[in-house]
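Undergrad: Quick one: the structure is below, questions incoming.
Residue numbers (my numbering), protein chains in the order written: chain A, 47 to 374; chain B, 53 to 212.
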């Protein structure tokens with residue numbers, strides 16, 4: 047009994063530590079890759095090639111003065127970033143990093159838990175995460191923040207539907223909702239081959255969920271002067287920021303589990319392949335940020351409801367027909 | 053009617069309303085990936101510097117001749133022609149000796165680095181060097197007297 051708890055605590059600490067490190071360094075990756083695409087170097091001074099830059103940003107987050115505007119609704123103003131980061135961190139528990147390994151004679155699973163409703167949990171908790179953005183903008187007492195929050199909320203809930211439809215077709219093919227089951231069913235052939243349309247749908251809707259270009263209207267840096275987090279200063283802003291990058295990392299892991307075959311791969315051990323695929327998706331997120339212009343808000347809504355949702359429904363119908371005809 | 057403009061990358065020859073929206077996305081991604089692997093154009097100051105042209109107008113230098121005396125005869129032409137009046141000269145002449153400046157003060161903050169003093173000097177005694185990055189903490193240190201003017205190259209910033 048006590049052994050179970052010790053293993054659980056150690057696994058929690060390892061997963062949490064590794065994920066926080068990855069989240070902090072994905073800010074470094076983003077700044078470096080954006081810089082190199084724009085023919086400049088990114089951060090170069092703080093440590094070799096800027097590797098200590100996240101540390102410097104963390105120190106800045108602690109040292110800056112916290113400003114709370116007079117118009118702000120104080121309890122909600124303080125709780126909003128907590129909701130955001132809480133939801134983002136709760137998603138770390140079901141990421142399947144690898145298969146079961148045997149360490150020191152004990153079977154240890156390389157994920158914190160394997161819920162039977164796996165992917166539903168992810169969709170549900172990321173919806174709760176959008177509460178943080180909406181409450182943050184609403185409680186700022188600033189009309190630009192409120193507009194940013196409105197847009198963020200509308201965009202996030204209207205892109206959850208096509209994302210769920212894409213996930214449904216994957217679940218139909220794999221037959222199970224649990225993430226470990228989905229990865230294990232891809233041992234022979236990755237889902238991206240079986241479900242290419244769902245892959246595109248999931249990528250586009252995922253980018254919209256994490257408020258990333260071309261859908262970053264809520265935090266449009268040039269237009270709304272940072273949208274819903276306009277009134278937030280040091281630590282609360284750092285929490286929103288970390289929540290966004292944590293969501294991006296979790297998005298990468300979800301794409302890997304659902305479509306790219308999880309931990310399967312030829313020579314290297316499972317977790318190494320998992321991280322290679324996840325970082326490929328994260329690199330793609332940064333790469334497309336540097337390339338695409340931003341959608342206008344009505345274009346975002348039109349894309350979500352008029353294009354992606356019918357595409358999701360069509361995909362489900364086609365998958366169903368395929369499964370019935372070929373008896374898969 | 054689209055004129056031929058100078059784009060970095062022309063993803064679609066057609067007007068936006070009639071265009072295809074998927075292929076241009078991939079063309080754009082390919083272009084940024086090519087840029088990712090290209091050499092960046094940043095010059096890492098202060099370890100690297102740009103190439104300085106020969107006629108660059110930087111800090112002044114008062115030239116000396118072979119015996120180590122200043123070439124300047126304190127005629128006052130550079131002070132007269134200087135647009136912001138940054139040069140102050142106090143000449144001195146002993147009986148039977150050549151004229152020389154007792155005080156020659158250039159206020160480098162007032163100076164606009166036009167080079168007129170260098171063109172006006174009849175003795176070729178003042179020239180503008182290629183030193184462009186002198187920094188200091190107090191305004192008084194920017195008022196150069198003869199000692200500082202004799203050797204401005206020692207003020208080049210080396211990154212320390």
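Cβ coordinates follow ideal geometry from the N, Cα and C atoms, glycine included. Note that this is a predicted model, so its numbers are computed, not measured.
Go to residue 205/A, then tell me how far its alpha helix (DSSP H) extends in each direction, as first and last residue.
TA: 189-220 is the extent of the alpha helix (DSSP H) around residue 205/A.
Undergrad: Listed from N- to C-terminal order along the chain, which residues in the segment 87-99 of chain B have their beta-carbon within a distance smaller than 9 Å of any beta-carbon of chain A?
TA: Those residues of the segment 87-99 of chain B placed with their C-beta closer than 9 Å to a C-beta in chain A are 87, 88, 89, 90, 91, 92, 93, 94 and 96, ordered along the chain.
Undergrad: Between the segment 241-248 of chain A and the segment 149-158 of chain A, are three or more C-beta pairs nearer than 8 Å?
TA: no
Undergrad: Leaving out five residues before and five after residue 129/B in sequence, what residues of the same chain have Cβ atoms less than 6 Å from its Cβ?
TA: 172
Undergrad: For the alpha helix (DSSP H) that contains residue 388/A, what are its first and last residues?
TA: Summary: the structure shown does not reach residue 388/A, with chain A confined to residues 47 through 374, and so no result is reported for it.
Undergrad: Rounded to the nearest angstrom, what separates residue 322/A and residue 188/B at their Cα positions?
TA: 50 Å
Undergrad: Could you list the residues in the segment 324-350 of chain A with a C-beta less than 8 Å from some C-beta on chain B, going in chain order?
TA: 333, 334, 336, 337 and 338
Undergrad: By the 10 Å Cβ neighbour count, where 16 or more other Cβ atoms means buried, how is residue 144/B classified, buried or exposed?
TA: exposed
Undergrad: Kindly indicate which residue of 345/A, 52/A, 233/A and 55/A has the alpha-carbon position closest to the one of residue 316/A.
TA: 233/A
Undergrad: Along the alpha helix (DSSP H) that carries residue 171/A, what are the first and last residues, could you check?
TA: 164-184
Undergrad: Under 7 Å between beta-carbons, which chain B residues line up against residue 314/A? List them in chain order, please.
TA: Those do not exist, as residue 314/A stays about 25 Å from chain B at its closest Cβ, beyond 7 Å.
Undergrad: Classify residue 145/B as helix, strand or coil using the three-state DSSP reduction.
TA: coil
Undergrad: Cβ closer than 7 Å: which chain A residues qualify as neighbours of residue 61/B?
TA: Those within 7 Å of residue 61/B in chain A number zero; the least Cβ separation is about 10 Å.
Undergrad: Using beta carbons (cut-off 9 Å, strictly below), is residue 232/A in contact with chain B?
TA: No, its Cβ sits nowhere closer than 9 Å to a Cβ of chain B.
Undergrad: Between residue 157/B and residue 99/B, what straight-line distance do the alpha-carbon atoms span, to the nearest angstrom?
TA: Straight-line Cα distance between these residues: approximately 32 Å.
Undergrad: Name the residues in the segment 74-102 of chain A whose C-beta lies less than 9 Å from a C-beta of chain B; which are they?
TA: Within the segment 74-102 of chain A, 79, 81, 82, 83, 84, 85, 86, 87 and 90 place their CB atoms closer than 9 Å to a CB of chain B, listed in sequence order.
Undergrad: Among residues of its own chain, excluding the 5 on either side of residue 400/A, which ones have a beta-carbon nearer than 6 Å to its beta-carbon?
TA: It is not possible to answer for residue 400/A, since the shown part of chain A is limited to 47 through 374.
Undergrad: Can you pull the DSSP bridge partners for residue 152/B?
TA: 144/B
Undergrad: Any residues in the segment 133-153 of chain B with a beta carbon nearer than 8 Å to a beta carbon of chain A? Which ones, in chain order?
TA: none
Undergrad: Which value, in whole angstroms, describes the spacing of the CA atoms of residue 249/A and residue 301/A?
TA: 8 Å
Undergrad: Assess, as a yes-or-no matter, whether the segment 135-145 of chain A is touched by the segment 161-170 of chain A under the definition of 3 or more beta carbon pairs within less than 8 Å.
TA: yes
Undergrad: Between the alpha carbons of residue 170/A and residue 48/A, how many angstroms are there, rounded?
TA: 32 Å
Undergrad: Can you tell me which of the three DSSP states residue 178/B falls into?
TA: strand
Undergrad: Short check: CB of residue 72/A to CB of residue 328/A, under 9 Å?
TA: yes
Undergrad: Looking only at C-alpha atoms, which of 160/A, 184/A and 133/A sits nearest to residue 121/A?
TA: 184/A
Undergrad: Going by DSSP, what residues sit across from residue 148/A in a beta bridge?
TA: 153/A
Undergrad: Can the beta-carbon of residue 124/B be found closer than 9 Å to that of residue 152/B?
TA: yes
Undergrad: Looking at the secondary structure, which residues open and close the alpha helix (DSSP H) in which residue 376/A lies?
TA: In the structure as shown, chain A begins at 47 and stops at 374. Residue 376/A is therefore absent and cannot be evaluated.
Undergrad: Is the CB-CB distance between residue 109/B and residue 137/B below 9 Å?
TA: no
Undergrad: Mark residue 255/A as exposed unless 16 or more other C-beta atoms lie within 10 angstroms of its C-beta, in which case mark it buried.
TA: buried
Undergrad: Could you say if the segment 341-357 of chain A and the segment 200-216 of chain A meet the contact criterion of at least three C-beta pairs nearer than 8 Å?
TA: yes
Undergrad: Where DSSP assigns a beta bridge to residue 113/B, which residues make up the other side?
TA: 179/B
Undergrad: Can you tell me the Cα-Cα spacing of residue 91/B and residue 86/A, whole angstroms?
TA: 8 Å
Undergrad: Taking only beta-carbon atoms, is residue 188/B less than 9 Å away from chain A?
TA: no
Undergrad: Hey, residue 129/A and residue 181/A are a contact pair by Cβ (cut 8 Å); roughly how many whole angstroms apart?
TA: 7 Å
Undergrad: Report the CB separation of residue 126/A from residue 178/A in whole angstroms; it is logged as a contact under 8 Å.
TA: 5 Å
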